[in-house]
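Here the structure comes first, spelled out in structure tokens, and everything after it is commentary.
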Amino acid sequence: MSQRDDFTGNVVGVEQEVIVREVTCKTILNRCSIGDYSLNCYTGCAHACAHCYARVMQRFHPHAEPWGTFVDVKINAVETLKRQLRRAEPGEVFLSSACDGWQPIEARYGLTRRCCELLLERDFRLNVLTKSDLVVRDFDVFRDRPVRVGITLTTLDERLRELWEPRAVSVRRRLEVIKTARRIGLKTAVMFGPLLPGLSDTPESIDALCRQAATLEIDTIWVDALNPRPRVWPAVADLLRAEFPQLLPHYRRVLFDAACRKQYLAELRTRIERAARRAGLTDRVAACM
Ligand code: SF4
């Protein structure tokens, strides 16, 4: 995100309790450590995941509203991309690093779709990661093109999903995305993460996630631990206090006590390796912790 972007947009509506503003950006295609570039047509994300790392965006772009209750629409995203594409070298673009490019508002604005069309016309490759089945709308654009379609799964347990990712689509609908992508010949990926200590990081839970990935013949599997990134802890702690107060001391230890964290991550890696081996996925799983 360019810090010179205009974030003083007007409120244009409130959709499902989310305040929508239209803003303008100076750049939309940005250099990124995941692949060559990232592209985010929205600031903010209506999926409102408690563990969301993108909350850090509020540091650069303060909003009075809490994370998950506002979305800024970069209304000139397509024109900005067209301008940047005159000079940008083709490469891999990660969609999206600081929002979900297919969150509900995308159904109305279609900015992510139009940016994907432009990128593919100019020989860029796309690395898509979403928690929304709206992405299936764009499979006509992705078909026979260098696009990998990935979903994020924190857990297979719908009750946990609903608590931690209240406005993202169900696990079942996310799995349907992968099935549809495979049916039309697209490469697929899944990000298991962040694994939630004491909830979705157990050997049983990781085994179940890996078995699911094996059944769906997913090409690439990433696994991530929960990280104490800026602004994440207060939201996670609130949820734990309300739903799992007995886990608070455990989270504090594995997130903030350096020695405990080191041991925790080592044990988690072992669990992941074992589960991947049991599911026959050793060559497809990468732990990104
Ligand atoms: S879908 Fe991604 S960007 Fe959106 S709130 Fe959830 S973790 Fe954050």
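Residues in the sequence shown are numbered from 42 upward in steps of one, following the numbering used here.
Idealized CB from N, CA, C, for every residue including glycine.
All of these numbers come straight from a predicted model, not from anything done at the bench.
Reference residue i, options the options, closest by Cα
i, options, result
"E258", "R223, Q57 and K67", "R223"
"A278", "I313, D265, L237 and A316", "L237"
"G321", "N268, K303 and D260", "D260"
"F165", "F183, I116 and Y150", "F183"
"A328", "W263, L197 and R272", "W263"
"S74", "N168, E206, E56 and P244", "N168"
"C156", "K115, T196, I192 and T195", "K115"
"G226", "A255, W205 and D181", "D181"
"A307", "R319, V55, M330 and R318", "M330"
"V295", "L267, R319, G109 and E63", "L267"
"G50", "V212, S246, R315 and T84", "T84"
"P103", "A118, R272, R72 and V188", "R272"
"L281", "H92, V64, Q57 and H88", "H92"
"V134", "V326, L159, Y292 and C86", "L159"
Sub-7 Å separation of residue i and residue j beta-carbons
i, j, result
"T121", "I69", "yes"
"A148", "L175", "yes"
"T229", "V190", "yes"
"Y78", "G132", "yes"
"F111", "I146", "no"
"G234", "L288", "no"
"C66", "E206", "no"
"L136", "L80", "yes"
"I247", "A316", "yes"
"T193", "K172", "yes"
"R128", "L161", "no"
"R100", "W108", "no"
"E284", "L201", "no"
"G118", "C86", "A small correction: the amino acid at residue 118 is Ala; Gly does not occupy that position in the sequence shown. No, they are not a contact pair."
"V249", "V231", "In the sequence under discussion, the amino acid at residue 249 is Ala, which differs from the Val named in the question. No, they are not a contact pair."
For residue i, the first and last residue of its enclosing alpha helix (DSSP H)
i, result
"L257", "Note, L257: premise wrong, no alpha helix (DSSP H); not H, not E."
"Y305", "A299 to R319"
"L126", "A118 to L126"
"D113", "Run containing D113: none in the alpha helix (DSSP H); it sits in the beta strand (DSSP E), F111 to K115."
"A327", "Per DSSP, A327 belongs to no alpha helix (DSSP H); it is in the beta strand (DSSP E), V326 to A328."
Range covered by the beta strand (DSSP E) that runs through residue i
i, result
"M98", "That residue, M98, is in no beta strand (DSSP E); its alpha helix (DSSP H) goes M98 to F101."
"T153", "Counting along the chain, T153 falls outside any beta strand (DSSP E), though it belongs to the alpha helix (DSSP H) covering L152 to E162."
"E183", "The sequence given here places Phe at residue 183; Glu does not occur at that position. Where F183 is concerned, there is no enclosing beta strand (DSSP E), although the alpha helix (DSSP H) it sits in stretches over F180 to F183."
"R72", "L70 to R72"
"V61", "V59 to T65"
"E133", "E133 to L136"
Distance cut-off 6 Å: residue i Cβ against heavy atoms of the ligand SAH
i, result
"H88", "No copy of the ligand SAH occurs in the structure displayed; its ligands are the ligand SF4 alone."
Assigned exposure category for residue i - 16 Cβ within 10 Å defines buried
i, result
"V53", "exposed"
"T311", "exposed"
"Q304", "exposed"
"T256", "exposed"
"Q144", "buried"
"D242", "buried"
"R31", "The structure shown does not extend to residue 31, since the chain spans only 42 to 330, so no value can be given for it."
"V55", "exposed"
"D298", "exposed"
Heavy atom of the ligand SF4 within 6 Å of residue i beta-carbon
i, result
"D141", "yes"
"Y95", "Here the sequence assigns Ala to residue 95, which means Tyr is not the residue at that position. Yes."
"K172", "yes"
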